[in-house]
Structure formats: C-alpha cells, structure tokens
Amino acid sequence: EAYSRTLLDSPAVGTCEGTGLPSLDCVLLGSGADGHCASLYPGSAQVVVSPGCDRACLEAEGKGGVTLSIDAISSARTVLLSAAKPEQAAMVRKCLGWSNAERNTGMPAGMVTCAHGAQVE
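Below you can see the structure in the form of structure tokens.
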C-alpha cells in the first residue's frame, strides 16, 4: 500500500480515470519466452488476482520486492512490450495479436490491455 500511495501522491504521476490507479507516462516491459513480464509469472497468484484487484503494487513472487499489477500496467498511458531475443519475439506477437489474451493467466505479458486508454505496442 505504501508504494501505491507514494505513486498517487506524486505530482508527476497522474491517475487513470478508468481504474483510479496511478497512470505512468510509459511502462517499458521486458518479457520472457514463457510470457512473464514485470516479475509476473504464468499462473502465479499475482497474475490470477491482478485483473480487477484495484492495487497498483503487488509482492514480486520469489523476488523479495514489489511489482506493478496488470491493472496498474494497463493504467499507464503507453506500454512498450519488448522482446530482446528471437525466442521472445513469437511470444510478443501472440500477446499483441490474440483476442482474449487479457484473460490468459498463462501469458501475463498478453494480459496488458488498452481497456483503460493505454497504448500497447
């Protein structure tokens, strides 16, 4: 909660009208060939609860830190999903091209949506 409050209290961070969560200007996501991003791993508790959880930050599974929720990522103005390796490129294509990807907890990177006005590339 403290991280979420810090983001919301910052004059440099807006608020997404659709979610009430912080709206960052840009979120740059690295991704894994398994579809993970932002320390959100396929099938993890964070991914399963994230859509509709109304929380900006979640505990990063196995990392000892925090990460943004799918909802918080989708509340950003622009989201860039990167693929640094060839094996990740196919996953990113799937994420950006699948209808209903936002419900596929087996591929968290695809769950980032434009529903709240984010431009996802």
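Using our numbering, you'd call the opening residue of the sequence shown number 1108 and step up by one each time.
We put the beta carbon where it would ideally sit given N, CA and C, even for glycine.
Requested in this report: Look at Trp1136 and Ala1196 and say whether their C-beta atoms are less than 8 Å apart.
Outcome: The amino acid occupying residue 1136 in the given sequence is Leu; Trp does not appear at that position. Contact flag unset, no.
Query raised in the report: Between which two residues does the alpha helix (DSSP H) harbouring Glu1194 extend?
Result: Unbroken alpha helix (DSSP H) run through Glu1194: Pro1193 to Gly1204.
**Report entry** Distance between Gly1204 and Gly1172 (C-alpha atoms, nearest Å)
**Finding:** Spanning the two alpha carbons is a distance of roughly 31 Å.
Query - Ala1190 versus Ile1180 - alpha carbon distance - result: C-alpha of Ala1190 to C-alpha of Ile1180: approximately 17 Å in a straight line.
Query raised in the report: What residues in its chain sit with their C-beta under 7 Å from that of Asp1141, if we drop five residues either side in the sequence?
Result: Pro1149.
Query raised in the report: The alpha helix (DSSP H) spanning Leu1115 covers which residue range?
Result: Here the alpha helix (DSSP H) through Leu1115 covers Ala1109 to Asp1116.
Query raised in the report: So Ala1152 is in the alpha helix (DSSP H); what residue range does that whole segment cover?
Result: Ala1152 -> alpha helix (DSSP H) spans Ala1152 to Val1156.
Requested in this report: Identify, in the order they occur along the chain, each residue of the same chain with its Cβ nearer than 7 Å to the Cβ of Ser1146, setting aside the five sequence neighbours on each side.
Outcome: Within the same chain, Ala1167, Glu1168, Lys1170 and Thr1174 come within 7 Å of Ser1146 by CB-CB distance, once the 5 residues on both sides are set aside.
Query raised in the report: If you run the structure through DSSP and keep just helix, strand and coil, what is Gly1125?
Result: Here Gly1125 sits in coil by DSSP.
Query raised in the report: Closest to Val1128 by CA distance: which of Ser1117, Ala1163 and Val1155 is it?
Result: In the sequence as displayed, the identity of residue 1128 is Leu instead of Val. Considering only alpha carbons, the answer is Ala1163.
Query raised in the report: Does the beta-carbon of Ser1176 have 16 or more other beta-carbons within 10 angstroms, so that it is buried, or is it exposed?
Result: Label assigned to Ser1176: buried.
Query raised in the report: Which residues in the same chain have their Cβ closer than 8 Å to the Cβ of Val1154, if we skip the five residues on either side of it in sequence?
Result: Beyond the five residues adjoining it in sequence on each side, Val1154 comes within less than 8 Å, by CB distance, of Leu1147, Tyr1148, Ile1177, Thr1212, Pro1215 and Met1218 in the same chain, given in chain order.
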